[in-house]
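Report on the structure given below.
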Amino acid sequence: MKPTPDFPVGLVWAGIVPVRQSYEWEPSGLVPGLADEAILGVEAPLWSETVRAASDIDQLIFPRAAAQAEIAWSQPAGTPERSWESFAERVGRLAPLWKAAGWGWHAAPEIPWSTS
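Each residue of the sequence shown is one higher than the one before, counting from 788 in our numbering.
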């Protein structure tokens, strides 16, 4: 899904999904009565109908893939181990690494992106 209404690629049928909304998603609350240990993992599908190049893929998955990884590998939202403020700062520091790797990404305005 598009991270902003004017984003050049992506779809909107399930809504606009900014990075923060992706990060704050909590899978354990989706099915009432389902024990946390019954959740075996998470997935982050890429709807590719509007993708025309590898750079489009990068724009749609980064930094949301980092958000999904943290959801899968950390404590639930709102715990000291998982906060938006901490994530935004840490993922913002990945910009030089992603640039050196030749990856494109959506430079979401809510993240303080590092330039060095």
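C-beta atoms are modelled at their ideal positions from N, C-alpha and C, and glycine is treated no differently.
Please read all numbers here as calculations on a predicted model, not as lab measurements.
query, result
"Pairs of beta-carbons, one from the segment 861 to 873 and one from the segment 837 to 850, closer than 8 angstroms: are there three or more?", "no"
"Return the CA-CA distance between residue 903 and residue 883, expressed in angstroms with no decimal places.", "6 angstroms"
"For residue 853, is the classification buried or exposed, using 16 other Cβ atoms within 10 angstroms of its Cβ as the cut-off for buried?", "buried"
"For residue 873, count neighbouring Cβ atoms within 10 angstroms of its own Cβ and tell me buried if that reaches 16, exposed if not.", "exposed"
"As an exercise, report each continuous alpha helix (DSSP H) stretch of at least 4 residues that is fully enclosed by the segment 805 to 834, in chain order.", "806 to 811"
"Output the distance between the C-alpha atoms of residue 887 and residue 894, rounded to the nearest integer angstrom.", "15 angstroms"
"Taking residue 900 and residue 849 to be in contact with their CB atoms under 8 angstroms, please state how far apart those CB atoms are, rounded to whole angstroms.", "That pair is no contact at about 12 angstroms."
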